[in-house]
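Below is one structure, written out as structure tokens; the observations come after it.
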Amino acid sequence: MTENSLKTNSAVYCSLNELEGLAQEKLNRMTFDYYAGGAGDELTLRDNIDAFNRIKLFPRMLVDSSKLNMEVEILGTRLASPLMIAPMAFQRLAHEHGEIAMARAAGRAGCGMVVSTLATSSMEEIAEAGSTPLWFQLYVYKDRQITVDLLERAAAAGFKAIVVTVDSPVLGRRFRDMRNLFHLPSHLKCGNLTGALQSIPEKEGDSGLAAYIASMYDVSLTWESLRWITKQTKLPVLVKGVLRADDTKLAIENGAAGIIVSNHGGRQLDTTVATIDALSDVVNAANGKVPVIVDGGIRRGTDILKALAFGAKAVLVGRPMLWGLALEGEDGVYKVMETLKDELRNALILSGYPDVTSVDRSLLGS
Ligand SMILES: Cc1cc2nc3c(=O)[nH]c(=O)nc-3n(C[C@H](O)[C@H](O)[C@H](O)COP(=O)(O)O)c2cc1C
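Each residue of the sequence shown is one higher than the one before, starting from 168 at the first, in the working numbering.
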């Protein structure tokens with residue numbers, strides 16, 4: 168498979184699993200490793216995918232699938248399919264248009280997008296570029312005024328929800344980034360921040376990002392801090408990085424309007440449970456009070472179907488979007504989304520669940 172053979176089929180890719188190798192040829196080593204890699208021995212990174220493969224489907228037959236519904240609504244955000252782009256930092260490392268290209272592609276495909284605090288364009292520029300509903304992902308800095316400012320700007324720019332990431336008080340031990348001395352080249356900046364916070368400089372003998380986070384992020388955050396954040400904004404606040412039933416209950420008690428089951432794509436604490444294996448407990452604990460979303464290792468329509476069957480309302484997809492961006496810019500991201508939508512459409516019909524909102528656990532044989 169060559170890059171040219173991918174381009175001849177202009178509508179979709181054959182399989183997202185082929186994209187990583189092609190993107191690797193285009194990206195420099197520091198960027199590819201930062202995108203592809205995980206923490207520690209990358210066991211969770213691999214297990215997120217393997218866990219989906221272990222789950223088997225029990226399709227039902229002879230269900231009228233002439234009317235297919237893939238639309239969902241989550242916290243007032245309407246999506247053409249239960250698919251959103253996960254928040255990912257530094258997208259202009261992949262392509263000069265970075266987050267702007269992502270937002271435009273998401274608009275064309277009717278998918279949502281979560282914009283990272285560490286985006287390489289400002290949230291206002293991204294909001295202007297795309298017609299898609301955007302959510303803003305928040306990292307909490309030691310200086311709380313930064314959080315207040317980011318929340319106000321997100322609301323003013325028309326973002327529909329806030330996603331607070333709780334699994335990253337420090338960065339995971341990412342050996343690839345340590346070896347490559349990961350940093351942000353000086354022509355790129357963190358567009359949502361100002362002054363010294365905009366740059367991720369090189370650090371001798373370490374990942375520049377790990378050093379940045381160690382010095383800037385607030386490691387003293389608690390559930391009380393979540394409550395404080397929810398009081399600073401009128402937007403619904405989702406908590407990203409929950410893997411346990413007790414934390415789900417604490418999140419809801421402290422004002423969370425939604426839960427995102429995530430292990431940060433295996434980039435934080437290695438040997439953490441695969442997200443699809445954690446989803447069921449979180450859904451049970453949420454008990455229908457708030458929507459649950461999942462990310463990590465979703466590469467196929469059947470993966471989305473399995474997440475829905477366990478009770479997720481939608482999924483976030485990370486790395487494949489970056490591979491599409493690196494390969495073909497906005498068009499590549501659009502094709503990644505259309506590929507997943509096509510595969511989901513196919514899987515819904517073949518499993519006998521033509522409406523995404525009616526997929527249930529019986530599809531998993533239980
Ligand atoms: C390159 C990269 C950068 C990321 N940056 C962020 C970030 O800034 N904020 C955040 O909450 N999650 C971040 N994540 C985690 C993703 O939001 C998501 O949880 C993860 O990528 C999902 O797994 P997947 O890549 O297997 O789909 C990042 C992931 C990657 C791959």
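Cβ coordinates follow ideal geometry from the N, Cα and C atoms, glycine included.
Contacting residues, own chain, Cβ-Cβ under 7 Å from residue i (five flanking each side not counted)
i: A253; result: V281, D462, L483, V484 and G485
i: G496; result: H262, H264 and A268
i: A424; result: L242, P403, V404, L405 and V457
i: A412; result: D448, V449, N451 and A452
Residues that residue i bridges to, as DSSP identifies them
i: M228; result: Paired residues: none, contrary to the question.
i: E141; result: Since the displayed the chain opens at 168 and closes at 533, residue 141 lies outside it and no answer follows.
i: G455; result: Answer is none; G455 lacks a bridge partner.
i: A328; result: W302
i: Y308; result: Y384
i: I460; result: I427 and A481
i: G279; result: M251
i: L405; result: V330 and G425
i: N236; result: D522
i: K370; result: D373
Cβ-heavy atom distance, residue i to ligand 1, below 8 Å
i: M197; result: no
i: H543; result: Summary: the structure shown does not reach residue 543, with the chain confined to residues 168 through 533, and so no result is reported for it.
i: S335; result: yes
i: G265; result: no
i: P487; result: yes
i: P254; result: yes
i: Y306; result: yes
i: D310; result: no
i: F257; result: yes
i: T284; result: yes
i: V330; result: yes
i: K502; result: no
i: R394; result: no
i: L186; result: no
i: Y201; result: yes
i: K407; result: yes
i: L355; result: no
i: I465; result: yes
i: S374; result: no
i: H262; result: no
i: G432; result: yes
i: V546; result: Lying before the first or after the last residue shown, residue 546 is absent from the chain, which here runs from 168 to 533.
i: L483; result: yes
i: V281; result: yes
i: D462; result: yes
i: S429; result: yes
Element boundaries [beta strand (DSSP E), containing residue i]
i: I427; result: G425 to V428
i: I222; result: That residue, I222, is in no beta strand (DSSP E); it is neither H nor E in DSSP.
i: E240; result: V239 to I241
i: F537; result: Residue 537 is absent from the structure shown; the chain starts at 168 and stops at 533.
i: T397; result: Counting along the chain, T397 falls outside any beta strand (DSSP E), though it belongs to the alpha helix (DSSP H) covering W390 to K398.
i: T244; result: T244 to L246
Residue span of the alpha helix (DSSP H) that contains residue i, given as start and end
i: Q191; result: L186 to K193
i: I471; result: G468 to A476
i: L494; result: R486 to S518
i: Y202; result: R196 to A203
i: I419; result: A412 to E420
i: N347; result: F342 to N347
Any non-hydrogen atom of ligand 2 within 8 Å of residue i CB
i: R213; result: This structure simply doesn't include ligand 2; it includes ligand 1 instead.
Cutoff 8 Å; reference residue i; Cβ partners in own chain excluding five residues on either side
i: G339; result: G205, A206, G207, H431, R434, Q435, L436 and D437
i: R528; result: A476, F477 and G478
i: L446; result: V428, V459, V461, A474, F477, G478 and A479
i: Y244; result: Reading off the sequence, residue 244 comes out as Thr, not Tyr. Closer than 8 Å at the Cβ level, and outside the excluded window around T244, lie G279, P300, W302, K327 and A328.
i: V386; result: P336 and V337
i: T175; result: The pLDDT assigned to T175 is 46, lower than 50, so where the model puts this residue is not dependable; a value taken from the coordinates is nonetheless given after this. Nothing meets the Cβ criterion.
i: L183; result: R466, R467, P487, W490, V503, T506 and L507
i: M237; result: A247, S248, P249, K508, L511, R512, L515 and V523
i: A378; result: K370
Cut-off 6 Å between Cβ atoms - residues of its own chain near residue i, not counting five sequence neighbours on either side
i: R394; result: N421 and G422
i: L351; result: I367
i: T408; result: In the sequence as displayed, the identity of residue 408 is Gly instead of Thr. Only T332, V333, D334 and S429 meet the Cβ criterion.
i: R568; result: In the structure displayed, the chain extends from 168 to 533; residue 568 sits before or after that span and is not available.
i: L531; result: A476
i: K508; result: S248
i: M168; result: In this predicted model, M168 has a pLDDT of only 48, less than 50, meaning its place in the structure is not dependable enough to derive any value.
i: Q365; result: K356 and C357
i: P521; result: S232, L235 and L515
Residue i at chain B interface by Cβ criterion, 9 Å
i: R434; result: Absent here is chain B; the protein component of the structure consists of one chain.
Counting pairs of beta carbons, one from the stretch 409 to 427 and one from the stretch 335 to 351, are three or more of them closer than 8 Å?
-> no
Touch test, the stretch 190 to 199 against the stretch 513 to 524, Cβ-Cβ under 8 Å, three pairs minimum | no
Determine contact between the stretch 268 to 279 and the stretch 499 to 506, defined as no fewer than three beta-carbon pairs at a distance below 8 Å.
-> yes
Would you check if there are 3 or more beta carbon pairs closer than 8 Å linking the stretch 322 to 329 to the stretch 386 to 403?
-> yes
Would you check if there are 3 or more beta carbon pairs closer than 8 Å linking the stretch 228 to 235 to the stretch 448 to 459?
-> no
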